[in-house]
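To start, the structure under review is shown below, and the notes come after it.
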Amino acid sequence: MMLRAWITALFVGFLSLPPVAGPAMAHPHVWIDMRTAALLDDHGRVAAIRVEWLFDRFYSAFAQQDVDTDGNGKITDTEADRWARTALENIAKVGYFAEILTDGQSRPPVKAGQAIGRWRDGQLHMSFVIHLDQPADPRKQVFGYMSYDPDFYIDIRHPDGAGAAVVEGPGSGKCSAKVGRSEPSPETVASAAALGPDETAPSGLGRLFADYIKVTCK
Numbered sequence: 031m032m033l034r035a036w037i038t039a040l041f042v043g044f045l046s047l048p049p050v051a052g053p054a055m056a057h058p059h060v061w062i063d064m065r066t067a068a069l070l071d072d073h074g075r076v077a078a079i080r081v082e083w084l085f086d087r088f089y090s091a092f093a094q095q096d097v098d099t100d101g102n103g104k105i106t107d108t109e110a111d112r113w114a115r116t117a118l119e120n121i122a123k124v125g126y127f128a129e130i131l132t133d134g135q136s137r138p139p140v141k142a143g144q145a146i147g148r149w150r151d152g153q154l155h156m157s158f159v160i161h162l163d164q165p166a167d168p169r170k171q172v173f174g175y176m177s178y179d180p181d182f183y184i185d186i187r188h189p190d191g192a193g194a195a196v197v198e199g200p201g202s203g204k205c206s207a208k209v210g211r212s213e214p215s216p217e218t219v220a221s222a223a224a225l226g227p228d229e230t231a232p233s234g235l236g237r238l239f240a241d242y243i244k245v246t247c248k
């Protein structure tokens, strides 16, 4: 089965990757290190989530020719910004790979903006801001969010260590963001590993591997 159009459009050039034997064929095929920040409004409510992505070197190398639109071998911030804006438009179709949860209820993001792209040390960076449909008060509600590719073609994870997920804005000193790691079953891991590059993953597979970030405020 052909890869879905939004994957093709976002990761231009990915279909030109040469076949690779062994474990590299299994899902996922692209890796993204992610950092996030819950952004508070003047009332101390979460109004938006800033997302920062760092693409793996293998994907970055193949994306380079598509980001470098003038073909001079040097990627400017303007070129990277243009790529990021196009990418953001494409992933709007899948809710920006994000899920917002308030008191256990899932709320799909309604819009995102402020796309910024950068090329640094041979790797592609992208950041953007996802706006909630309405602000959430983590002092009164259980609030959290997730970011994942539903098909697990792309692995999106926060790196280990402090600062991977934070809270910013008025009153953020009384808040914290904690990254919870998923623990998929051995059967789920084996199922993902068995999928080829053009196979369709079971519905919701990516969610089973996603980080969950819980924001709490006093």
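Adding 30 to a residue's 1-based position in the sequence shown gives its number in this note's numbering.
Every residue, glycine too, gets a C-beta built ideally from N, C-alpha and C.
The structure displayed is predicted, hence computed values, not measured ones.
Going by C-alpha positions, Lys170 is about 39 Å away from His59. In the pairwise beta carbon analysis, the region 124 to 131 is classified as touching the region 156 to 167: at least three pairs are separated by under 8 Å.
Distance between Gln94 and Lys248, taken at the CA atoms: about 45 Å.
In the structure shown, the three-state DSSP call for Gln135 is strand. Per DSSP, reduced to three states, the secondary structure at Ser215 is coil, with no helix or strand assignment. The Cβ atoms of Asp190 and Ser212 do not sit closer than 8 Å to each other.
DSSP places Glu198 in the strand class (E or B) of the three-state scheme.
Within a 10 Å sphere around the beta-carbon of Glu217 sit fewer than 16 other beta-carbons, which makes this residue exposed. Counting only runs of 3 or more residues that sit fully inside the region 71 to 100, the beta strand (DSSP E) segments are 76 to 85, in chain order. The Cβ atoms of Gly152 and Ser221 lie no closer than 8 Å to each other. The beta carbon of Asp63 lies closer than 6 Å to those of Leu84, Pro189 in the same chain, with the five residues before and after it left out. Cα atoms of Arg80 and Ala68: separation of roughly 7 Å, rounded to the nearest angstrom. Ranking Phe88, Arg112, Ala224, Pro168 by CA distance to the CA of Ile130 puts Pro168 first. For Gly143, the three-state secondary structure derived from DSSP is strand. Under DSSP, Leu154 forms a beta bridge with Trp149. Here the region 132 to 147 lies against the region 104 to 124, with 3 or more beta-carbon pairs under 8 Å apart. Taken through DSSP and simplified to helix, strand or coil, Asp107 comes out as helix.
Annotation: Met176 to Val197 spans about 15 Å, alpha carbon to alpha carbon. A straight line joining the alpha-carbon of Phe92 with that of Lys104 spans about 14 Å. Shown here, Ser233 sits in coil according to DSSP, grouped into three states, outside any helix or strand.
The C-beta distance from Asp72 to Pro165 rounds to 10 Å, too long to fall under 8 Å, and the pair is not in contact.
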